[in-house]
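Residue numbers (UniProt numbering): 1 to 1113.
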């Protein structure tokens, strides 16, 4: 019934409700009072459907009036109607022209609204939204009742036009307000306009002011506009069937009104609806679908000569864009079908009519592409040189449309046009063009001939700040052959906004490499020029700040990272490189400060902006300096001649020493122990200002004079418990606010930064999708600011705790003891693993798990481990955070929906290693946030010795939070909506990912390429980044996830003896697994999500997972 209500199928809804109330074939509306279930379930839809039919002129609805009259005679029935249906009663009495009763029930409706609003918990956002949506129809009803109370409003039509003009300034939201709200507003307006016409006709006829045959259709034009507004809203909400039904009802009226503008708007709406309906379809188009899209060219061609298109240039140009999009849609449909015979004679005739081409699929597609291109090229030449807001928006649309069209179909011949138009759209302020800038970097890489056009357009008119969003990606190209294209942009940004570029430059500078060619010399000269623009005078204290942050790194961890690097170098034994690496670690960890550097602000800084060693690092140096000199010699002289085996023995010895002095190496909680410069920071003493990082987002023109500067640093430091012991610091801004950041040392945070950029892009896609926007489906993002390859800042997320801690806190003391005890799931898991006689090789051990253990045995063992954990930890944890049932419901919904969004986005980007500490839970909102993206683009499946076959984390605790439906309902539906939105915008996502995976400096890609070189030693590895994009494209096209997992395993585990067993488990079993019964390619969003959930929750996969992933929790 709710579906029929949303589709405004009032006749069918009436039939369903009356059939339910019929007794022995006789319909008695009064029987609804016989059963409370009928009153709650059928009565709302009974009254709504019959009233709507009555208001639309159905003369057979006398039964509703009789039912209401009879019910009012019973005090209990009357009380029920007046408490629930005041607005419906008011509207019914307006239709009957009983305005006194209508005012009475309108007042009761207002009182009911206030009562409902005050009693609805603030956390029940959906209920509060629904309550507010009732307000507009009710307000307009009251306005009309006040209007009819004044007899002066019926002396002419002017007062009514003023009232309607006021109403036309406010409509429900096109996407956020559901169709039934729109229908209420539009229908109510129709009713009051009809009532007004009847009343003014009677009054003016009685006064002989109006002839009886006066045109009664004075409001018809207004009604048609309102219906087209309703149809537009339905289309925006993807309710295509209702849109087409409204258009069918209004077509003859638009023709009869002889309004060219209405006919043009109708034609545009009709064409857009068929296009969107067809393009939202996954897989092969049906012949009817293709014919319907083709048929939209008929109404478009009929209005092509309309004078309205000439009088309103914006409308004319939108017409041409729409025509081009129609050809584009037809091409998409043709490409999806196998051969033309499948289309039928009618569609083929239509194709020939518009292309004048022989019935050959290739020729038809070529001709259709040409027609679409010509339509856009023509409109480009007609764009008015006007600075008005409408003209600017039109320029954005036209330029962007042609750029996307050329990029999609004409890549060989028209890439210059694509570059020009995309940059022109950026200049006009198009947000989408700005998002598509990475595609330009891809174009100039593959089509060097476009570089001159690129440089010309960039240097001419586009403000430099518009490129800040992609500064990191451009910076990574400064030592590549594309450097000459991006260098002018970067130099402009460095000149105008040096603070926006200084951190990306510092981190990229460390990985620049140059050869001896003329191009390399030019690139090196350009970097030197950029370095000069980022001098200490122009970006004061930045180098000092970076050096100060390095003091927060753990010395032991820094040494361990260095030891891994030096072990690889020792195998090749290049003496100069060994000494260089040793000097780096020696300077960072052991170079004691000189006397006189320990006090005073200026004395706390050494050359090149570096700060002196803090007490924390100094303590390490005092203890271990002699140890290092003894083992490695002065300046690493002994290290040069050392074998890898000897170095390994020294490492073990030093590790024992680290453990012995563990208490002395405990990180302090006072900032002065790390860096006295930060503890004593005072901008007045420094006489220079330091900007708080991260204030240049590239979305709007920066205003550096208003940016927040550092006023000081809080002395308190919060030390995290994870491996690298990151520290939270607090920066005090000169705006009297505190800014919290997590300092992560020993890690290159560029990959996390790139992933967060992709998440921001995905959020913009979700924001544009009507279904996702209505459900507020977004990813929680945070700032990541890499400073150099060793340290960076991460925006601190307040009120969050790791998912593991969130769940463990819900355990009782007894449950916690059992969980970590001998019979806990972790211990049981490690006891279950096969034992190897020699060294621990986890890859080999888990390979035997796949080879030796059957599906039945694995599932049985996994269920035993799951039984060791309470089933409802996630529910308990949320109950502890909740003060009421409404709060629990709110937190539960937020947690499930946010996790579902995370799952889909992580899957598309191939993000792995999703153990419990890589999720954060917000204790106030229930939102799940993903962190630490060390494994992306499938590297967790390809290159971890124990491959991850889980597509995302959907374990028992998360599933049970969705009880009683588990994965069905909220989780599954959210995933479908998100996947649908992202699949519809696959080109935008792929073009951005394409730039990211080619940044060879990123950690995951460096490690992946090293491993790939071992497997494919004789091959050119340039295919590998391309393969990552192809995998992402397969996901966005609807390929079965189990087959994608299989192919990733084949790339990374080619020589693994357990490969066949990995594949068998990943593909699943036809009897038990949905994914195994689905085809390999071309899945719908619903099928793809079903396969993903099946693979993520498969106990045969989870039971073989790495123990540290804790799949039982």
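Note that the Cβ used here is the ideal one computed from N, Cα and C, for glycine as well.
Length of the line joining the Cα atoms of residue i and residue j
i            : j            : result
residue 755  : residue 792  : 15 Å
residue 1127 : residue 222  : Outside the shown range of the chain, which is 1 to 1113, sits residue 1127, and nothing can be said about it.
residue 1162 : residue 927  : What the structure shows of the chain is the stretch from 1 to 1113, and residue 1162 is not part of that stretch, so it cannot be assessed.
residue 821  : residue 827  : 7 Å
residue 214  : residue 62   : Below a pLDDT of 50, predicted positions are generally treated as unreliable, and residue 214, at 43, falls in that range; no measurement from the model is reported.
residue 489  : residue 1095 : 46 Å
residue 292  : residue 35   : 47 Å
residue 17   : residue 60   : 16 Å
residue 433  : residue 264  : 28 Å
residue 1080 : residue 436  : 30 Å
residue 133  : residue 375  : 42 Å
residue 1101 : residue 7    : 43 Å
Residue i, DSSP secondary structure in three states
i            : result
residue 962  : coil
residue 747  : coil
residue 539  : coil
residue 451  : helix
residue 1055 : coil
residue 67   : helix
residue 937  : coil
residue 792  : strand
residue 42   : coil
residue 853  : coil
residue 444  : helix
residue 303  : coil
residue 611  : strand
residue 754  : helix
residue 691  : strand
residue 80   : helix
residue 1004 : Below a pLDDT of 50, predicted positions are generally treated as unreliable, and residue 1004, at 49, falls in that range; the measurement from the model is reported next regardless. Reduced to three states, the DSSP call for residue 1004 is helix.
residue 1031 : helix
residue 56   : coil
residue 516  : coil
residue 985  : coil
Counterpart residues of residue i in DSSP-defined beta bridges
i           : result
residue 310 : Paired residues: none, contrary to the question.
residue 920 : 802 and 929
residue 23  : 26
residue 670 : 716
residue 786 : 792
residue 733 : 710
residue 189 : The partner list for residue 189 (beta bridge, DSSP) is empty, contrary to what the question assumes.
residue 742 : 728 and 794
Check whether residue i and residue j have beta carbons under 8 Å apart
i            : j            : result
residue 5    : residue 180  : yes
residue 689  : residue 709  : yes
residue 904  : residue 933  : no
residue 236  : residue 189  : no
residue 846  : residue 1092 : no
residue 1027 : residue 746  : no
residue 527  : residue 504  : no
residue 921  : residue 800  : yes
residue 126  : residue 105  : no
residue 775  : residue 977  : yes
Proximity test, residue i beta-carbon vs the ligand SAH heavy atom, cut-off 7 Å
i           : result
residue 934 : This structure lacks the ligand SAH, and indeed carries no ligand of any kind.
> Would you call the region 721 to 741 and the region 754 to 770 in contact, with 3 or more CB pairs under 8 Å?
Replying inline: These segments do not touch.
> Does the pairing of the region 462 to 480 with the region 695 to 712 give three or more beta-carbon distances under 8 Å?
Replying inline: Contact between the region 462 to 480 and the region 695 to 712 is present, with at least three C-beta pairs closer than 8 Å.
> If you pair each beta-carbon of the region 245 to 261 with each one of the region 225 to 233, do three or more pairs fall below 8 Å?
Replying inline: Verdict: yes, contact present.
>> I want to know whether the region 790 to 809 touches the region 736 to 755 - three or more CB-CB distances under 8 Å.
In response: Cβ pair count under 8 Å is three or more, so yes.
>> I'd like to know if the region 806 to 819 and the region 868 to 888 are in contact, where contact means that at least 3 CB-CB pairs between them fall below 8 Å.
In response: Yes: the two stretches touch, three or more of their Cβ pairs being nearer than 8 Å.
>> Assess contact between the region 230 to 242 and the region 182 to 191, defined as three or more Cβ pairs (one per stretch) separated by less than 8 Å. Is contact present?
In response: Taking 8 Å as the limit for Cβ pairs, the verdict is that the region 182 to 191 does touch the region 230 to 242.
> Do the region 669 to 688 and the region 534 to 551 touch if we need at least three Cβ pairs shorter than 8 Å?
Replying inline: In short, these stretches touch, since the Cβ pair count reaches three.
>> Any contact between the region 304 to 311 and the region 344 to 361? By contact I mean 3 or more CB pairs, one from each, below 8 Å.
In response: No, the region 304 to 311 is not in contact with the region 344 to 361.
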